[in-house]
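2 protein chains.
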Amino acid sequence: MNFKLEEAIEVLERTPKSLEYFLSGLSEGWLTCNEGEGTWNATEVVEHLIEGEKHNWIPRIETILTEGENKPFPEFDRFSHLKQESAATIEEKLKEFRALRKENLSRLKPFITSESTLELTGTHPAFGTVKLRELISTWAVHDLTHISQIVRVMAHRYREDVGPWKEYLGILKE
Amino acid sequence: MNFKLEEAIEVLERTPKSLEYFLSGLSEGWLTCNEGEGTWNATEVVEHLIEGEKHNWIPRIETILTEGENKPFPEFDRFSHLKQESAATIEEKLKEFRALRKENLSRLKPFITSESTLELTGTHPAFGTVKLRELISTWAVHDLTHISQIVRVMAHRYREDVGPWKEYLGILKE
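So the protein lines, in turn, are chains A and X. If you use UniProt numbering, the first sequence corresponds to residues 1 to 174, in order. If you use UniProt numbering, the second sequence corresponds to residues 1 to 174, in order.
Now the structure itself:
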């Protein structure tokens, strides 16, 4: 096992600003391209990250701390962001994500009063018993999986444009 | 085909600073983890990106412009960065990458005097005839593939730590 709270926080702290630098000011073509019907573009991924900050990570952590395994985690709809049209620009969304993440990390830190807090357990509706440290690890890896998704979706936009180099570019085979 | 020079440049401009935000100050554990023997850690990926700026992209573009298909591209050793030990910190490497990229983009722009320049061709040692616009597309997608690699390598560090969530995290299946 490799998890350390402060190292997981390092990743969680960096994601919003890194995405802000990467996505702000990009042409519409990059922000709206996807991998086909039912797949998300970069903007939709950011919206999903915002939803997670609002309704997923902290509510689940709080459930573990207050209810333990007695009550399963509150519902989190992974597609909720697709149901509401947002007029905000990508820059505004990224700013919202950064503010929410900052607030959530400042809430997280005082929750963890000792190493043993990380061993506390809750009930995931599908998996059953899960540990707080697994949930926080997942929060960090969830960032990484969605950064990876954003760059993959963008790379696929040039799938044909790269000509024969397609063969050397692993990302185009995913 | 989706390639537009200015849009490819948007990606090329953003990669160094985004990686600087993402990787600077990270714990050694994140920077040195890899996916097993013969695979690269995040630091080695940055070193590879630096080598590309020095010896791959611009020399190849110049070969197309000056030699056309007469002379194959100069050699580029994709593993050269592994042969030299570097004492530089990740922050120094990222700064070097950013400076080289900036310089290379300022060299690229005056090369492309018209749309037809992008149709010029050169000889790739393995693929044969390739177009300048395919090479520039590849430069951008090459950034994306290596960003994807960095986040994947980091995610795998927590492969077991996430517990049952492993099933939901696509990045851990790559």
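Where is the CB? At the ideal position from N, CA and C, for every residue including glycine.
Any Cβ of chain A within less than 8 Å of the Cβ of residue i?
i, result
"ASP77/X", "no"
"PRO164/X", "yes"
"GLU35/X", "no"
"PHE3/X", "yes"
"ALA155/X", "yes"
"LEU141/X", "According to the sequence displayed, residue 141/X carries Val and not Leu. Answer yes: the Cβ-Cβ gap between VAL141/X and chain A drops below 8 Å somewhere."
"THR32/X", "no"
"LYS17/X", "yes"
"ILE171/X", "yes"
"SER106/X", "no"
With 16 other CB atoms within 10 Å as the buried threshold, where does residue i fall?
i, result
"LYS173/X", "exposed"
"SER148/X", "buried"
"LYS71/A", "exposed"
"PRO16/A", "buried"
"LYS83/X", "exposed"
"THR43/X", "buried"
"THR113/A", "exposed"
"THR39/X", "exposed"
"ALA140/X", "buried"
"GLU103/X", "exposed"
"GLU115/X", "exposed"
"ALA155/A", "buried"
"SER18/A", "buried"
Less than 8 Å between the CB atoms is what I'm expecting for residue i and residue j, so what's the real figure, rounded?
i, j, result
"VAL151/A", "LEU144/X", "4 Å"
"GLU13/X", "LEU105/X", "6 Å"
"PRO74/A", "THR66/A", "With 8 Å as the limit, PRO74/A and THR66/A do not qualify as a contact, their Cβ atoms being about 12 Å apart."
"ARG78/A", "GLY122/A", "Contact flag wrong, Cβ pair sits at about 18 Å."
"HIS146/A", "LEU49/A", "6 Å"
"GLU20/A", "LEU94/A", "4 Å"
"GLU69/X", "THR129/X", "6 Å"
Does residue i get closer than 8 Å to chain X when you measure Cβ to Cβ?
i, result
"GLU29/A", "The question names Glu, but residue 29/A is Gly in the sequence shown. Yes, GLY29/A lies at the interface with chain X (some Cβ there is under 8 Å from its Cβ)."
"GLU91/A", "no"
"ARG14/A", "yes"
"VAL151/A", "yes"
"GLU119/A", "no"
"LYS131/A", "yes"
"GLU44/A", "no"
"THR145/A", "yes"
Please work out which residues of its chain come closer than 6 Å, Cβ to Cβ, to residue i, disregarding the five sequence neighbours upstream and downstream, and give them in chain order.
i, result
"ARG133/A", "PHE3, LEU118"
"MET1/X", "none"
"LYS166/X", "LEU172"
"GLU51/X", "SER80, HIS81"
With a CB to CB cut of under 7 Å and the five nearest residues on each side skipped, what residues in its chain are close to residue i?
i, result
"PHE76/A", "HIS55, ASN56"
"GLU91/A", "SER24"
Please return the same chain residues whose Cβ sits closer than 8 Å to the Cβ of residue i, not counting the five positions on each side in sequence.
i, result
"ALA88/A", "GLU96"
"ARG157/A", "GLY29, TRP30, CYS33"
"ILE136/X", "PHE3, LEU5, ALA8, ILE61, LEU108, LEU118"
"HIS142/A", "GLY52"
Is any heavy atom of the ligand ATP found at a distance shorter than 7 Å from the C-beta of residue i?
i, result
"HIS48/X", "In terms of ligand content, the structure shown is empty, and the ligand ATP therefore cannot be addressed."
Quick one: complete alpha helix (DSSP H) runs, 4+ long, within the stretch 4 to 69 of chain A? 5 to 23, 28 to 32, 42 to 55, 57 to 67
Whole runs of the beta strand (DSSP E) within the stretch 75 to 124 of chain A, excluding any shorter than 3 residues: Listed in chain order, the complete beta strand (DSSP E) runs (minimum 3 residues) inside the stretch 75 to 124 of chain A are 121 to 124.
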